[in-house]
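Just so you know, the sequences run in chain order A and B. Position in the first sequence (from 1) plus 528 gives the number in the working numbering. Position in the second sequence (from 1) plus 120 gives the number in the working numbering. Take a look at the structure set out below.
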Amino acid sequence: MPDLLAPLDTLYLVTLAGMTNWSVGFVTTIAIFGIVVLAMNVQWGYTGILNFGVVAFFMVGAYTSALLTLPPATGFSDYILGLELPILVGWAGGAVAGGVLALLVGLPTLRLRLDFLAIATIGVAAILRTVASSADNLVNRGRGMNGLPRLFNDLVDGSDYKWVLMGTTLITLALVYLLVRAVTASPWGRVLRAIRDNEATAQAAGKPTVRYRMQAFVLGGAIMGLAGAVYAHRVGSISPEAFSDLFGTFLPWTMLIVGGAGNNRGAVLGALVVGFFWFGTPLIQEDLPGSLGNQVFVWRQFAIGLLVVVFILWLPKGLLAEEPRVSRFLPRTVAGPPLLQRLRDRFRGRPAEDRSGT
Amino acid sequence: MAEPILVVDRLEKRFGGNRAVDGATFSVARGSITGLIGPNGAGKTTCFNCIAGALRPDGGRVTFEGQDITGLPPHRVFERGVVRTFQIPQELGGMTVLENVMLVARDHPGEHFLEVCLRPWRARAREEAVRVQALEILRQVALDHLALQPARNLSGGQRKLLELARALMGEPKLLLLDEPSAGVNPTLAQRLVDDIRAIQRERDVTILVIGHDMDVVARLCDTLVVMTSGRVLVEGPPDEVLNNTEVQEAYLGSQYR
Numbered sequence: 529m530p531d532l533l534a535p536l537d538t539l540y541l542v543t544l545a546g547m548t549n550w551s552v553g554f555v556t557t558i559a560i561f562g563i564v565v566l567a568m569n570v571q572w573g574y575t576g577i578l579n580f581g582v583v584a585f586f587m588v589g590a591y592t593s594a595l596l597t598l599p600p601a602t603g604f605s606d607y608i609l610g611l612e613l614p615i616l617v618g619w620a621g622g623a624v625a626g627g628v629l630a631l632l633v634g635l636p637t638l639r640l641r642l643d644f645l646a647i648a649t650i651g652v653a654a655i656l657r658t659v660a661s662s663a664d665n666l667v668n669r670g671r672g673m674n675g676l677p678r679l680f681n682d683l684v685d686g687s688d689y690k691w692v693l694m695g696t697t698l699i700t701l702a703l704v705y706l707l708v709r710a711v712t713a714s715p716w717g718r719v720l721r722a723i724r725d726n727e728a729t730a731q732a733a734g735k736p737t738v739r740y741r742m743q744a745f746v747l748g749g750a751i752m753g754l755a756g757a758v759y760a761h762r763v764g765s766i767s768p769e770a771f772s773d774l775f776g777t778f779l780p781w782t783m784l785i786v787g788g789a790g791n792n793r794g795a796v797l798g799a800l801v802v803g804f805f806w807f808g809t810p811l812i813q814e815d816l817p818g819s820l821g822n823q824v825f826v827w828r829q830f831a832i833g834l835l836v837v838v839f840i841l842w843l844p845k846g847l848l849a850e851e852p853r854v855s856r857f858l859p860r861t862v863a864g865p866p867l868l869q870r871l872r873d874r875f876r877g878r879p880a881e882d883r884s885g886t
Numbered sequence: 121m122a123e124p125i126l127v128v129d130r131l132e133k134r135f136g137g138n139r140a141v142d143g144a145t146f147s148v149a150r151g152s153i154t155g156l157i158g159p160n161g162a163g164k165t166t167c168f169n170c171i172a173g174a175l176r177p178d179g180g181r182v183t184f185e186g187q188d189i190t191g192l193p194p195h196r197v198f199e200r201g202v203v204r205t206f207q208i209p210q211e212l213g214g215m216t217v218l219e220n221v222m223l224v225a226r227d228h229p230g231e232h233f234l235e236v237c238l239r240p241w242r243a244r245a246r247e248e249a250v251r252v253q254a255l256e257i258l259r260q261v262a263l264d265h266l267a268l269q270p271a272r273n274l275s276g277g278q279r280k281l282l283e284l285a286r287a288l289m290g291e292p293k294l295l296l297l298d299e300p301s302a303g304v305n306p307t308l309a310q311r312l313v314d315d316i317r318a319i320q321r322e323r324d325v326t327i328l329v330i331g332h333d334m335d336v337v338a339r340l341c342d343t344l345v346v347m348t349s350g351r352v353l354v355e356g357p358p359d360e361v362l363n364n365t366e367v368q369e370a371y372l373g374s375q376y377r
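Shown next, in the form of structure tokens:
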């Protein structure tokens, strides 16, 4: 967490350069969260899988990429592997690790009721954090993994690096968006949505629902693992306490609820809106009177909790509601209105289908 | 008589101490419309759920086309050609009527994750065929004008029709209809009877229907199976069964004796 906010220090110099630095860092962070929220959208938005341990998958991806790309441990550190592989291999490894973790957690729990999985995932996150911070000869315990290699290190020098980082992260977000959209706006996604809305119906329609839930859970876990790997190389060093539930699970959940579960564009929009609120708090801290300036980070947590409550009560579909049409192979059912119109409709509480031209 | 398409043999299902189905035995002749009737709580729907795999029976055997399907999960039962509807329609409200029906299509490559990723054109081609087929079925039950509406906009009667359309999309050999005319007005009930008869004629399908309304059942079915307290009381042609004094007593109350 402190690492993530590091680019924000420059704000104390209210200069154009400071503002640029902050913006670039902000966009990079939002892109990483966008990837996580898209993964959650596959699990919760489409399939109704309640994952309260998002940070566990994120963390496993981050550590896996660190272990694959760092040099072998020396006298002062104790961690396994250290294979010095290229970063892209580290990212792929992070995705695989996230997927494998999802498989391991899903096997015993996906047959059970929704809430059992939710509880299991909370437990997994706690266990992984404890193991990472206390197991000998595994991942350097509480000292964390430091000095992760930077992207394209030989090609760019220091001051341009932030741009490369932002560009690469945005491209990754775009690719993940395209993948998630391609597979969810399809007959496969239609089965997921059927399972979410009425499992008995999906079963009566001949769908092996447990297998589908597993596929969605593993896909989501893999994407969370990828996001964790991207994050690890962005911040350069990771340690167990950085992966708190608040930061890695609760914040992305808020983003999904605000953006609109079941809508991939909503997922990214939610990351942007909530992210601006969360990571933008330091921007106003300076201008606040003394005591409030000190408390602002506490108030931020309070406000974000309130935001969740407000959305669940009054805007349960989020900023962008899901479309009735699932499969992109079919003609649009509702003429897609411009984003602003759609937002206006949302806030007036008019249901999306009222705009139907049919 | 030809070999029955479905044989239910001494089927048992208990919920705690309650024997919902308690040794029910009956068979369904190929190509027939068989009615499963009985008073509330006789175990008809539980029986259905055991056949369709939604519940695992505690005892007995279900044989479909000569093969044991006892305790198979619902999608395996569906694979073999047994498709069921629900008494209370279980449509997916947020999805369009069209996609509610398309969901039930068999052998859709677009429902496989890797196919969607690697060969989306196959998914697209099959999707188009499925769409045409689904629209045809919707036309048959006169819901085609609502195809692009979210299913939650449908009326109660239209939901019953959608339930039927969805089952037809599964290309059933044996269609299990759970009270298709319960809770609908007499006009629509009559239409449902006509629709079900037409389906049976045109599609070479066997139908097992849970009935409630005696008029409807008598007009619709070739054979009736009467259940009370989890057992089969009597099995036979409608006029014979409905004149059976035991049936009248169990089903209608002793004052009709």
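All residues carry an ideal CB built from backbone N, CA and C; glycine is no exception. Since we're looking at a predicted model, the values are computed, not measured.
Start-to-end residues for the alpha helix (DSSP H) that takes in residue i
i	result
A/L800	N792 to F807
B/E199	P194 to E199
A/S593	V582 to T597
B/A140	Counting along the chain, B/A140 falls outside any alpha helix (DSSP H), though it belongs to the beta strand (DSSP E) covering N138 to V148.
A/V704	Y689 to T712
B/M347	Counting along the chain, B/M347 falls outside any alpha helix (DSSP H), though it belongs to the beta strand (DSSP E) covering T343 to T348.
B/G98	Because chain B here runs from 121 to 377, residue 98 of chain B falls outside it and cannot be looked at.
A/V824	G818 to W842
Beta-carbon proximity check, residue i vs residue j, cutoff 8 Å
i	j	result
B/A267	B/L258	yes
A/Q743	B/F198	no
A/T658	A/A584	no
B/L117	B/V304	This structure gives no information on residue 117 of chain B, because the portion of chain B shown stretches from 121 to 377.
B/L213	B/A271	Per the sequence presented here, residue 213 of chain B reads as Gly, with Leu not at that position. A contact, by the Cβ cut-off of 8 Å.
A/G794	A/G846	yes
A/V588	A/L629	yes
B/L340	B/I319	no
B/R196	B/G173	yes
B/V250	B/M215	no
A/V824	A/L816	yes
A/V565	A/L784	yes
A/T637	A/L631	no
Contact with chain B by residue i, beta-carbon distance below 8 Å
i	result
A/G818	no
A/L858	yes
A/A722	yes
A/N792	no
A/R657	no
A/G546	no
Chain-ordered chain B contacts of residue i [CB-CB under 7 Å]
i	result
A/K735	H195
A/P715	H228, G230, E231, A243 and E247
A/S855	E219 and E247
Contacts that residue i makes with chain B (C-beta to C-beta distance below 8 Å)
i	result
A/A710	V236, C237 and P240
A/Q743	F233
A/R718	M215, E219, M222, L223 and E231
Interface flag, residue i vs chain A, CB-CB below 8 Å
i	result
B/F233	yes
B/L223	yes
B/F146	no
B/E299	no
B/F135	no
B/E322	no
B/F198	yes
B/R377	Low confidence applies to B/R377: its pLDDT is 47, below 50, so where it sits in the model is not reliable, and the reading given next is rough at best. Output row for B/R377: interface = no.
B/R279	no
B/F184	no
B/A386	The displayed coordinates of chain B run from 121 to 377. Any statement about residue 386 of chain B would go beyond what the structure contains.
Residues that residue i contacts on chain A, provided the C-beta gap is smaller than 8 Å
i	result
B/L212	R721, A722, D725, N726 and T729
Residue i, enclosing beta strand (DSSP E) - first and last residue
i	result
B/R204	V202 to R204
B/E132	L126 to F135
B/R181	G179 to F184
Cβ separation of residue i and residue j, assumed to be a contact under 8 Å, to the nearest whole Å
i	j	result
B/R286	B/N364	At roughly 35 Å, the Cβ-Cβ gap does not stay under 8 Å, so B/R286 and B/N364 are not in contact.
A/T697	A/A559	4 Å
A/F857	B/R244	5 Å
A/Q571	A/I577	4 Å
B/G290	B/V224	5 Å
B/V148	B/L175	Actually they do not touch by this definition, with Cβ atoms about 19 Å apart.
B/A338	B/P306	Actually they are not in contact, since the Cβ atoms of B/A338 and B/P306 sit about 15 Å apart, beyond 8 Å.
B/T166	B/V141	5 Å
B/L156	B/V329	7 Å
Amino acids of chain A, ordered along the chain, whose beta-carbon sits closer than 9 Å to that of residue i
i	result
B/F168	The premise fails here: B/F168 is roughly 11 Å from chain A at the closest Cβ pair, so nothing lies under 9 Å.
B/G290	A732, A733 and G734
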